[in-house]
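Residue numbers (this note's numbering), protein chains in the order written: chain A, 3 to 246; chain B, 3 to 246.
Number of protein chains: 2
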Amino acid sequence: MARIKLTIEYDGTDYVGWQVQPNGVSVQQQVESALQQLLGSPVRVHSSGRTDAGVHALGMVCHLDTQRDLPLSAWRDGLNRFLPIAIAVRQAEFAADDFHARYSAKGKRYRYTLLRDDVRSPLQRRTSWQVRQSLDLQLMTLAAQTFVGVHDFAAFRTSGCAAETTQREVFAVEMIEEGRLLHIDISGSGFLKNMVRMMVGTLVEVGRGKRPPEDVAKLLKNDRQIKPALTAPAQGLCLLEVWY
Amino acid sequence: MARIKLTIEYDGTDYVGWQVQPNGVSVQQQVESALQQLLGSPVRVHSSGRTDAGVHALGMVCHLDTQRDLPLSAWRDGLNRFLPIAIAVRQAEFAADDFHARYSAKGKRYRYTLLRDDVRSPLQRRTSWQVRQSLDLQLMTLAAQTFVGVHDFAAFRTSGCAAETTQREVFAVEMIEEGRLLHIDISGSGFLKNMVRMMVGTLVEVGRGKRPPEDVAKLLKNDRQIKPALTAPAQGLCLLEVWY
């Protein structure tokens, strides 16, 4: 038996998210369908986590077990021939028997992209969130640094989050300006459901002057007096990488 | 009467190009249709030029004449409400009576984006040309500089080009690396049909080692012994700006 690790890029615009759902086509379903076409028999893949409907990935990781003795090129280029244009395997590797895409993960890095413009952008519309108001980057940076470290992120998850514990470590929050775009790169040990989008939504409210940067510390202390975090829309989010 | 100058961004993926065509929906048609909805009567727009099917624009410029006394916000935000998501007016301005989007243009800048990767990219597929072979940037830079200046670009236009003269000035050809992407920014006084795509196709052949950099000078001298220029595909091209 061989364990295969796949690194997958996808444009999430037209999918209901990574995980198989009853209400539409998921990325996982397309990957498993391509595997079935390649191998002639059904295969289940195990991912590093889920992404929501409309969220993108440059480096989603999943693994699968197989009895088939195929070269890595078949797992990458062969699979890509059966995948739709919005999904591609970027890398295929042989993994150790005890490698698990989810349980072996040491950290993940997400990028959230804001479009700072008062006009909508046809070319950026699939991969950014348009924010019309000007953003105070100094206040946002101040608030962003409050997230770094080990905290209870209970105020930064949505209902339906199945995680048993809400303590997570955020390694870094970086803001990168690129013309009218502002990228917010967030890395951490692991993330709760909607956690990145709620962190970004809160940072944008700070940047707009709608709440003080001190709100982040209060939310991390579960202060119920504070307005709950705003969830940024899905299309601005991209899972950049998972490391092991 | 007022002359209005519009700067337009579009994702050209699903259009037959800027100009109205019998075989499908064009960007111009969508802009004129939105104007008709805004104004209640048909209006013709005059653009700085055409873009081919699948080519994008960040700063296409066109103008129109109107008897209607509307504020600039109506020409921008009002029009955007009637335009499809793949097209947006970025800026509306009042122009002088003798301003003409095409004849007053002093220069244009295009960006062509290459994806240097042996795997296709779902997230870049609409806006880049995937080149699997590694590219020699030194050779490409050498060839690129040969384009700069006033030359006869007759070897860099396709059939159907209606231009009467083929002499054009290229102001600059710049190569900008951005991870797996390579942008080639080309500015000039004006461009023949497919000229940018044929310049880029030729540069890529040089980068791949498929032809020597000296071929550019020979093509600019209309040397018929030389293999004709290769046309790079449309989706990698974007009209960045037109200046006046």
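Ideal Cβ positions, reconstructed from N, Cα and C, are used throughout, including at glycine. Keep in mind that this is a model prediction, so the values were computed, not measured.
Whole-angstrom Cβ separation of residue i and residue j, contact assumed at under 8 angstroms?
i: R159 of chain B; j: M201 of chain B; result: Actually they are not in contact, since the Cβ atoms of R159 of chain B and M201 of chain B sit about 11 angstroms apart, beyond 8 angstroms.
i: H65 of chain A; j: H102 of chain A; result: 7 angstroms
i: L137 of chain B; j: R210 of chain B; result: 7 angstroms
i: Q132 of chain A; j: R122 of chain A; result: 6 angstroms
i: N224 of chain B; j: A156 of chain B; result: 6 angstroms
i: G56 of chain A; j: G14 of chain A; result: 5 angstroms
i: A4 of chain A; j: F84 of chain A; result: Not really, about 19 angstroms apart at Cβ, beyond 8 angstroms.
i: A254 of chain A; j: V206 of chain A; result: Residue numbering for chain A in the displayed model covers 3 to 246; residue 254 of chain A lies beyond these limits and cannot be assessed.
i: Y246 of chain B; j: A36 of chain B; result: With a Cβ gap of about 24 angstroms, Y246 of chain B and A36 of chain B do not count as contacting.
Taking all protein chains shown into account, decide if residue i is buried (16 or more other Cβ within 10 angstroms of its Cβ) or exposed.
i: S50 of chain B; result: buried
i: G192 of chain B; result: buried
i: I186 of chain A; result: buried
i: M142 of chain B; result: buried
i: P24 of chain A; result: exposed
i: G278 of chain A; result: Nothing can be reported for residue 278 of chain A, as the shown portion of chain A is limited to 3 through 246.
i: T2 of chain A; result: Since the first and last residues shown for chain A are 3 and 246, residue 2 of chain A lies out of range.
i: I188 of chain B; result: buried
i: L184 of chain A; result: buried
i: E11 of chain A; result: buried
i: A231 of chain B; result: buried
i: P124 of chain A; result: buried
i: L239 of chain B; result: buried
i: L221 of chain A; result: buried
Output needed for residue i: all residues of its chain with C-beta closer than 6 angstroms, excluding positions within five of it in sequence on either side, in chain order.
i: N82 of chain A; result: A90, V91
i: G26 of chain B; result: V18
i: L8 of chain A; result: C64, V91, A94
i: Q126 of chain A; result: L117
i: D67 of chain B; result: M3, R5
i: V208 of chain B; result: L141, M142, A145, P215
Within a Cβ cutoff of 7 angstroms, which residues of the same chain sit near residue i, ignoring the five residues on either side of it in sequence?
i: V152 of chain B; result: Q169, E171
i: V218 of chain B; result: A145, T148, F149, T204
i: L242 of chain A; result: L60, G61, R111, Y112, R113
i: I178 of chain A; result: H185, D187
i: D99 of chain A; result: R5
Determine the DSSP secondary structure at residue i, reduced to helix, strand or coil.
i: R83 of chain B; result: helix
i: T233 of chain A; result: coil
i: S189 of chain A; result: strand
i: W20 of chain B; result: coil
i: G211 of chain A; result: coil
i: V47 of chain B; result: coil
i: K220 of chain B; result: helix
i: M3 of chain A; result: coil
i: G181 of chain A; result: coil
i: V152 of chain A; result: strand
i: E166 of chain B; result: coil
i: T68 of chain B; result: strand
i: L194 of chain A; result: coil
i: Q38 of chain A; result: helix
i: T129 of chain B; result: coil
i: R199 of chain A; result: helix
i: V29 of chain B; result: helix
i: R101 of chain B; result: Checking the sequence shown, residue 101 of chain B turns out to be Phe, not Arg. Note: F101 of chain B maps to coil in three-state DSSP.
i: R78 of chain A; result: helix
i: T53 of chain A; result: coil
i: L144 of chain A; result: helix
i: T160 of chain A; result: coil
i: V206 of chain B; result: helix
i: L137 of chain A; result: coil
Identify, in the order they occur along the chain, each residue of the same chain with its Cβ nearer than 8 angstroms to the Cβ of residue i, setting aside the five sequence neighbours on each side.
i: S28 of chain B; result: Y17, V18, G19, W20, Q21, V22
i: G80 of chain B; result: L40, L72
i: Q32 of chain A; result: Y17, L85, P86, I89
i: T53 of chain B; result: G14, G19, W20, V29, A59, M62, L239, L241
i: A236 of chain B; result: G14, D54, A55, G56, V57, R199
Answer yes or no: the CB of residue i versus the heavy atoms of the ligand COA, is any distance below 8 angstroms?
i: L37 of chain B; result: Although the ligand COA was asked about, the structure shown includes no ligands whatsoever.
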